[in-house]
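Participant: Residue numbers (the working numbering): 451 to 599. The C-beta atom is built at its ideal place from N, Cα and C for all residues, glycine as well.
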Ligand code: SME
């Protein structure tokens, strides 16, 4: 297991932290360890409503605290249940801009018992920065979060 996965696991397994604290710590860790992760946060489905609500995050404040399903990259992942990697946000029509500095984005769903309950969203100030390793690590992380959520 990679060093970062070990550190993420120890946050997830910590008995002394509640879910929100764990997610906040995960955001801080990813933000510190991966230089091209420039906004790292979580969105979760709002009960029975077809909308996402902003959860813990690290990075610039965003106007997008509520995102209807289907809107932006996040809203599309809420409907598709599949990872969406956007190497260049300017090439996307259905995109919600959080910051003029953002150039790329990756959104990975959190699927619990077959249900799409939320997602991790990462913005980068670099074009096309995300590697297959990043994607694998984030998909693994979302799987681990789903187990304890
Ligand atoms: N860019 C996202 C909105 C969320 S912010 O990046 C934090 C989107 O298009 O869904």
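1) So who's on the other strand from residue 581, going by DSSP bridges?
2) Per DSSP, residue 565 is paired with what?
3) Going by beta carbon distance, what residues of the same chain come within less than 7 Å of residue 592, once the five residues before and after it are set aside?
4) Below 8 Å on the Cβ atoms is my contact criterion, and I expect residue 492 with residue 574 to pass it. Report the Cβ-Cβ distance as a whole number of Å.
5) Would you decide whether residue 552 is buried or exposed? Buried here means 16 or more other CB atoms lie within 10 Å of its CB.
6) For the ligand SME, any of its heavy atoms closer than 7 Å to the Cβ of residue 491?
7) In or out: residue 556 buried (at least 16 other Cβ within 10 Å) or exposed?
8) For the candidate residues 550, 465, 579, 588, whose alpha-carbon lies nearest to that of residue 454?
9) Please classify residue 456: is it buried, with 16 or more other beta-carbons within 10 angstroms of its beta-carbon, or exposed?
10) Three Cβ pairs or more, each shorter than 8 Å: is that satisfied between the segment 470–486 and the segment 505–525?
11) Do you know offhand how far residue 548's Cα is from residue 504's?
Facilitator: Quick answer:
1) As a position in the chain shown, residue 581 is number 131, starting the count at 1. In the DSSP output, where bridge partners are listed per residue, residue 581 has none listed.
2) Counted from its first residue, the chain shown places residue 565 at position 115. For residue 565, which the question treats as bridged, DSSP gives the partners 562.
3) Position 142 of the chain shown, counted from the first residue, corresponds to residue 592. Excluding positions up to five away in sequence, the list reads 558, 559, 560, 570.
4) Indexing the chain shown from 1 puts residue 492 at position 42. Indexing the chain shown from 1 puts residue 574 at position 124. Incorrect: roughly 17 Å between the Cβ atoms, too far for contact.
5) For the purposes of this step, residue 552 is taken as residue 102 along the chain shown, with counting starting at 1. Buried: at least 16 other Cβ atoms inside 10 Å.
6) Along the chain shown, read from residue 1 onward, the residue named residue 491 stands at position 41. Result yes, Cβ under 7 Å from the ligand SME.
7) Residue numbering aside, residue 556 sits at position 106 when the chain shown is read from its first letter. Buried, by the Cβ-count rule.
8) Here residue 454 refers to the residue found at position 4 when the chain shown is read from its first residue. Nearest option by C-alpha distance: 588.
9) For the purposes of this step, residue 456 is taken as residue 6 along the chain shown, with counting starting at 1. It counts as exposed.
10) yes
11) Counted from its first residue, the chain shown places residue 548 at position 98. Counted from its first residue, the chain shown places residue 504 at position 54. Cα-Cα distance, rounded: 13 Å.
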